[in-house]
Amino acid sequence: MNLMYKFPDLAFCLGEYRLQDARDGLLLHLDRFYSEDQHSKILVFFDGKKDLTSDCYSEDWGKFSIHYSHEKKADELIIGYLNLCPVPAQCLVVTTDKEIIRFARRLRAKRMSSEEFYAEWLKREAEEDETEFNHLKEGLTPSSETDYWERQFLP
């Protein structure tokens, strides 16, 4: 949840009680962020159930393994996963939760705050946009300038 609130579009969805839209949006943002990383296993932990009637505790979504906490807190699932992980130092935990950060530090797992992740995401998006725009200017891509600007301003 603390990562979703860093993205303005997802925070807006959460503010309108559109939890599933916010979750889907987060997965799309993460998918774009990790598009070139084919070797990492990415786990996403959500508080609660997938939906009100679902019995689903885990599911795969592309290269992501998604976990729902049901009656527990997602924090408990994250700590449980880190406890069972054979080499926690190979894990990157993205959270703003101080308890999880302290636990991950004790296990020597890498840590990144939600704010740091969002800043990195913004930086990468800006770099990709600049590269794409430069390719458009130089005529290196078949897409039109209109397509570029539509992707910038239309959902």
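Heads up: the sequence shown begins at 1 in our numbering, then just goes up one per residue. Even for Gly, the Cβ is constructed at its ideal location relative to N, Cα and C. Small disclaimer: the values here were computed from a predicted structure and weren't measured.
Same chain, Cβ closer than 8 Å to residue i, neighbours up to 5 away in sequence not counted
i   : result
H29 : F7, L10 and W121
Y57 : H67, Y68 and H70
Spatial neighbours of residue i in its chain, beta-carbon cut-off 7 Å, leaving aside the 5 residues before and after
i    : result
M1   : D47
I100 : D75, I78, I79 and V93
F33  : W121 and R124
Residue i vs residue j beta-carbon contact at 8 Å
i    : j    : result
L84  : C91  : no
H70  : K41  : no
L77  : F103 : no
A109 : A89  : yes
F64  : L19  : no
Close beta carbons around residue i, own chain, < 6 Å, minus the five adjacent residues each side
i    : result
Y59  : Sequence inspection shows Glu at residue 59; the Tyr mentioned does not correspond to that position. Closer than 6 Å at the Cβ level, and outside the excluded window around E59, lie I66.
L107 : L82 and P88
A22  : M4, L10, C13 and L14
Local Cβ density within 10 Å of residue i, reported as buried at 16 or more and exposed below that
i    : result
T95  : buried
F12  : exposed
Y68  : buried
G25  : buried
R105 : exposed
E51  : Just to set this straight, residue 51 is Asp in the shown sequence, not Glu. Its Cβ having fewer than 16 others within 10 Å, D51 is exposed.
D97  : buried
is_contact[residue i, chain C] using C-beta, thresh 8 Å
i   : result
D97 : This model lacks chain C altogether; it includes just one protein chain.
Supposed close pair residue i, residue j - CB separation, criterion 8 Å
i   : j   : result
G62 : D37 : The Cβ separation is near 12 Å, so there is no contact.
beta-carbon residue i near the ligand SAH non-hydrogen atom, thresh 7 Å
i    : result
I100 : Ligands are entirely absent from the displayed structure, and the ligand SAH is therefore not among its contents.
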